[in-house]
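What follows is a single structure, written as structure tokens, with notes after it.
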Amino acid sequence: MPSLPPGFRLQRETNTEEFFINMGPQHPSTHGALRLALRMDGETIVEVVPHFGYIHRGMEKQAESMSYLQYIALSDRQDYLTAIQNNLGVVIALEKGMNVGVPEKGEYIRVMLQELGRIASHLVFYGCFGGDLGGQTCLLFGFKEREMIHDILEEVTGSRLTTNYFRPGGSRYDVPETFIPRVKAFLDYLEDSMRDYERFLSKNIIVLERSIGIGVLSKEDAIAYGCSGPVLRASGVEFDVRRANPYSIYDQFDFDIPTFKNGDCYDRYKIRIAEIHESMKILRQCVEKFPKEGPWRSKEKPVRLPEGRYYSEIETAKGLYATYVVAATTGEKPYRIHTRGPSFPHIAALNKMAQGHKISDLVTIMATLDPVIPEIDR
Amino acid sequence: MGIINFAPKILDPIPGGKYVVNAIDYVVNWARANSIWPLTYGTSCCAIEMMSSSMARYDIARFGSEVFRASPRQADLFILAGTITRRMAPAIQMLWEQIPGPKYAIAMGACTISGGPFIYDNYAVVRGAQNLIPVDVFVPGCPPRPEALFHGLLTLREKILKETCRNPWHEGNPKDVSTMDRYREAAKTWAALEEMKDEEMAEARAKFKEEHPDYKSSFKPIRVKKEDFPEVPRVPFNRFGLTQSEIFAKLREKFPNVTVHTHSEDPIEDVVAAIPADRPLEVMVEPEDYLPIVEFVKNSPEFDMDYLIDVTAIDYDDHFDMVTMLRSLKHGHKLFLCVQMKKDFSIPEEKRPTSLLASVKSISHLYPGAEVKEREVYDMFGINFEGHPDQRRIFLDKDFVGYPLRKDFTHPQMIRRPV
Amino acid sequence: MQENITLLQYFKRYFKRCITGPWSLICGLSVSLKYFFDPRRIVTEQYPENRKTLKMHDRYRGRLEMIEDEEGNNHCTACGMCERACPNASINVLSTKNIAGKKVLGRYVYHFASCTQCGLCVEACPFGAIRMNQDFEVATTDPNSLEMILNKKEGQG
Amino acid sequence: MFVPSVTNPIGDFVRDMVPRLAEFLPASLQSDTLNSIVAFLINAVICVIAVCVVNIGSAPILIYMERKVCAHIQCRLGPMRLGWHGTIQTIADVLKMLFKEVYAPSGADKLMFYLAPLIVLIAPFIVCALIPFGRNLVVADVSMGIPLIIAVNGFGVLGILLGGWSSNNKYSLLGALRSGAQMISYEISFAMILLFVVMISGSTNLMSITLGQEGTIADWWIFKIPVLGIIAFILFFISSTAEMNRAPFDIAEAEQELTGGYHTEYNGTPFAMFYLAEYIALVTNSALATTCFLGGFLPPCIGVSFVDNYLNMVPGVVWFFAKVFFMIWCYMMVRWTFVRPRVDQLMDFEWKFLLPVNLVLLVAGAAYIVVCG
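The structure is reproduced here in structure tokens:
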């Protein structure tokens, strides 16, 4: 219900004592193995200290002894909600090194799978947001449509989650004939369901009360902390790599970059819902323009990179995903691969957002940041 | 549960008591096998498949297992979903201890069975959950499909049904498989076998060679025909903001020491001009120039580098390259600053792996987001950041020895890749 | 969060919410009622019951398998390309010499325990000797059974 | 002075039957004292069994129902494999919990730790004894029924507070304190709605409240007073949901925030008790709603005698449970639809919205009675 009316200020007179609460590494709402040390004053958070590293798997060290192709397979395990997008991030960096292009059909496949992955991730967000607020039903609603995406992904790539699909110069297989009709059917289905889901959650007074004005991240802070993706755009910065540095053929599509002003939890929720609709818009254009004929990949070459440093950035569902490949000598193995995951800065800014809020709000904020912890820890 | 285990002792002497014990067995097993409540626990990819299995499409509720308990005290089943790192291991053992018996564990996915994708060259991952807790059922896959998890659940159900009062559930012991190298073991055994076989076969082979001096195998392996594709030229992505040459010229004007990394003899301006459009300009700066340059590019309206993408480093034999990736949200251009730091070789050689070998100024007062990134570089490379507000290890334990991303890093638990 | 508003605005908002709030809740409830009373929306697949009709997609990557003809002959030449392609050394291609002294496949050991089913081995195989099958019911209580020998016969050559 | 009276229809029946049966016994054993003692014992046993059957018997059914209802909202099937459509799934769950290892965390106050679930169970049992399930089908027909219910309902919070406090866990403590604050606040509006019912029905006895609704559907308290009745019913629904700690007001358990709230540290049988108490409270609250607003065991007559005759042929207890299950279904729909408010919003809602509306309602009800009847 509304906040106190003017002139009705409560004075805190009791002497209270701060205490510590340890949230995680096994906790239902930390989205994985993240540990948050909370300094609390009753139910109010005084300070949040995130402790990373509970799922630090040494991927970057391991990558040094792997071939580039093997690293594509490993990159699936970073942001596993949209593994297909990680694949593309790595592959684009490799393509820059190998200097190979992608035929038109290959690009269309890429864009379509990217957007499907984005929708899948945002549906998980929808579910987790509702679920973390206490509405378990949302969780199942979100996952219901996501299963259909994974069905499509499995048919195309051979695996539901860890796709390992893109290759420098295109992809591993051509898409099956049923791909386009299935995507079309899915889009119609999703459009219908999204209407229900938005009705279910978007205007709900309890959701509004719990998310409006909660976890505000100002425009300046969002930029300073290096936030990206929906979190940055919810704070009013129109930055999307698909528009700012278009990769693949994103410059050929007509879509908007939804931007909100307040930077609170509700805006971060709305922006992801809006992005689902934008992705659907892109997918519809793809379905229309999808080239039936033509090669889907360029000439197969061994993946060898000349000496140099190659950088690629793409916009995943969570934000800016950058890959930095260092090849010290020409060969099949990298000298070093570094990944910049979008969730890391978001969690770094958590303290800024959560201070002064209740412990329940921390859960809301965590849900709207939508972090994937293995991507942070790598 | 204790009382039930005494049932045979009390009931067996009574005539017909055996049947009562059997009946108790039946009821108890039926209840246990059909009401398996898992613990809400998951660290990575497998957790998502575990969640999927409880969602509408697959619906673990059909088995009565949708009651995912967040508190270990109310759970029966520990589905180990996701990679187990050394840092997480104590937490897992504690969770296991908190689950009241009878309790069961399913190792879901390759990571928890053997270490999976992180088995070699890895200092952080525990090779298999068996090292920590006793595991009942193994579900291989990466990650396994929800159906595979259900198959694991059904396998576990069969295992539970085999328990009786006379042979009750007891907590097993963890099994140390952490140093197991299946690849090398298999190769070693085979080599021994092969040696024996060579000795045995030597005569037969010699005889065969005598009999068929010009033997040609009839087996011709058929190469799989791969579809042929045309070569497609790469079109660089669009670029916004200042060009590389402009950035370089402007930087050079202010800081004459900046260069770019090159092997060619051409004038440096030409080298910069030859960089493809979508590759960001990476300039080499001196450590003492680093902070002034960052300050300059952040504050000058022409550059307006307000956004820090990342800070990372690369380890070479005698120096570190620390790369700071900056971007201007307004203009759209990027600038990578590569600080070359000579390693401090005045430190005695035996102490080098555990000590900070280089030092650079922190930029976390300019970009608050750099704080965690610099902590990461400190943690992984052992580079000291002067003026960093909170320089602690970030991903590794504070008593971890060494800096893993250095090339000379060794760890007692790390197994080298065999191929 | 304290906002600076007049008392009138405060009460205006209060009463507005008294109306929009319940309405939004009714909207939410209507969705769940719609879903509750519509059994066609149920999407559950009943796994152990639908075993007969359950079919994985053609490209589904289950377990690694050696392609063999009726007599059990395979196409493997023990070149070791799959072994090198594997990201975590889950394949041992153990070669032997046949009676003619030629290098042939002796034992193709597959460590299913660490396999990530990425399919790079299949991609790397120049002779199409291996494939990923559609087997997904792979749970076991014995971890040692996850170490498999894929070839029934020694390689040809 | 108002003297509360307790009548017990079952007891009357037993007291009537025991001397008649005693006649068959040898004369030496016949005595009035013995008769009354036997009658008391038989009566007590019957009553306890009745309450236990209703409570403990209904809990597994409700848990099953909840699992099915939530499954169908969420487009899935729910328990399917144990029994026909998973009907005996919850029995397996309860049995399993009974056979689990039980232990208290180190540093816990053991006595209080094990006492807490028992205390939580007491309140719904007492309430259940007061509710008329049919004509003459009530364990204790107390003249001060409603005040007693209000008094007893506060008992549950004691158990939860004790459990949370004695667990030696910060999450439990937070959960317990939350639930304490919440339940005590909502107790007020809960009591005031019941007061409203007392006011319009003119009685504190649950039987006479029920019988006061005799007639057609329009005579039920929910419809008898236009608009006010429905508002009162909705307010009762909200405050009883909060009273029961059920979602969306389940901030005391709040799995996503506190991993389990006050029962984080409980396992095995004590946890089963908390789990059952939650559902037994659901039964009693629905029964109360049915009695106070939906005509209790009275059939939903519509004023057409042809239909009403058939409706009257169905025993009252069937009508009663039909209405109770409808109420429970409503609680479940709400639970699986809405998200959970924050603790301070919950308090705000009670003190700034529910209570003022309640007060207005009371005044309006009084005005209605004065003006119309």
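Chains as they are written, first to last, in the numbering used here: chain A, 3 to 380; chain B, -16 to 402; chain C, 1096 to 1252; chain D, -7 to 365. Note that beta-carbon positions come from the ideal geometry of N, C-alpha and C, so glycine has one too. These numbers come from a predicted model, not from an experiment.
Compare the C-beta of residue i against all C-beta atoms of chain B and say whether one is closer than 8 Å.
| i | result |
| --- | --- |
| F1106(C) | no |
| S300(A) | yes |
| D253(A) | yes |
| G103(A) | yes |
Between residue i and the rest of its own chain, which residues show a CB-CB distance below 7 Å, the 5 nearest in sequence each way excluded?
| i | result |
| --- | --- |
| P52(A) | L36, L38, I349 and L352 |
| E229(B) | none |
| F117(D) | V43 and N47 |
| W213(D) | V189, I192, S193, Q205, G221, C284 and F285 |
| F121(B) | A90 and I96 |
| Q323(B) | M267, H302 and D304 |
Report back the beta-carbon spacing between residue i and residue j to the nearest angstrom; my notes put them in contact at under 8 Å.
| i | j | result |
| --- | --- | --- |
| P151(B) | N(-12)(B) | 5 Å |
| E277(A) | H152(A) | Contact doesn't hold; Cβ gap of about 19 Å is too wide. |
| E354(B) | D380(B) | Their Cβ separation, rounded to whole angstroms, is 20 Å, which puts E354(B) and D380(B) out of contact at 8 Å. |
| Y1130(C) | I65(D) | 5 Å |
Step through the CB atoms of chain A and report whether any lies within less than 8 Å of the CB of residue i.
| i | result |
| --- | --- |
| S1209(C) | no |
| Q174(D) | no |
| G1214(C) | yes |
| R1226(C) | no |
| C67(D) | yes |
| P324(B) | Looking at the sequence provided, one finds Met at residue 324(B) rather than Pro. No, no contact with chain A. |
Spell out whether any CB of chain C is found under 8 Å from the CB atom of residue i.
| i | result |
| --- | --- |
| Y166(B) | yes |
| L227(D) | no |
| Y41(B) | yes |
| E377(A) | no |
| W343(D) | no |
| L115(B) | no |
In its own chain, which residues sit with a C-beta less than 6 Å from the C-beta of residue i, not counting the 5 before and 5 after it?
| i | result |
| --- | --- |
| P308(A) | T332 |
| A369(A) | C130, F131 and D134 |
| T325(A) | G91, V92, A95, S314 and T341 |
| I111(D) | L150 and G151 |
| D379(A) | F54, G55, I57 and H58 |
| R310(B) | Y290, I292 and K317 |
| F105(D) | A96 and S158 |
How would you write the range of the alpha helix (DSSP H) that residue i sits in, first residue to last?
| i | result |
| --- | --- |
| H348(A) | S345 to A350 |
| G403(B) | Summary: the structure shown does not reach residue 403(B), with chain B confined to residues -16 through 402, and so no result is reported for it. |
| I297(B) | Run containing I297(B): none in the alpha helix (DSSP H); it sits in the beta strand (DSSP E), Y290 to D298. |
| L132(B) | P129 to L144 |
Counting only the same chain and skipping the five closest in sequence on each side, list residues whose C-beta sits under 8 Å from that of residue i.
| i | result |
| --- | --- |
| H359(A) | T46, I47, I216, G217 and I367 |
| A112(B) | L63, I67, I75, A88, A90, T95, I96 and V118 |
| I275(A) | H124, Y128, M196, E200 and S204 |
| L388(B) | A296, D298, M363 and F364 |
| V1199(C) | T1172, A1173, S1190, T1191, K1192, N1193, E1249, G1250, Q1251 and G1252 |
Which residues bound the beta strand (DSSP E) around residue i?
| i | result |
| --- | --- |
| C120(D) | Premise fails: C120(D) lies in the alpha helix (DSSP H), K102 to L122, not in any beta strand (DSSP E). |
| K1192(C) | I1186 to K1192 |
How would you list, in chain order, the residues of chain G whose beta-carbon sits under 9 Å from the beta-carbon of residue i?
| i | result |
| --- | --- |
| V11(B) | The displayed structure is made up of protein chains A, B, C and D, and chain G is not among them. |
Does any residue of chain D have a CB that is nearer than 8 Å to the CB of residue i?
| i | result |
| --- | --- |
| N1239(C) | no |
| M3(A) | Per-residue confidence for M3(A) stands at a pLDDT of 41, beneath the threshold of 50, marking its modelled position as unreliable; the derived number appears in the next sentence. Yes, its Cβ sits closer than 8 Å to a Cβ of chain D. |
Contiguous alpha helix (DSSP H) assignments of at least 4 residues, all confined to the stretch 123 to 175 of chain A: 138 to 159
Could you pull out every unbroken alpha helix (DSSP H) segment of at least 4 residues lying fully inside the stretch 175 to 242 of chain A, listed in chain order? 181 to 203, 207 to 213, 221 to 226 and 231 to 236
Could you name each continuous alpha helix (DSSP H) segment of 4 residues or more that falls completely within the stretch 208 to 251 of chain D, going from the start of the chain to the end? 213 to 216, 220 to 235 and 247 to 250
What are the start and end residues of each continuous alpha helix (DSSP H) run of 4 or more residues lying completely inside the stretch 292 to 361 of chain B, in chain order? none
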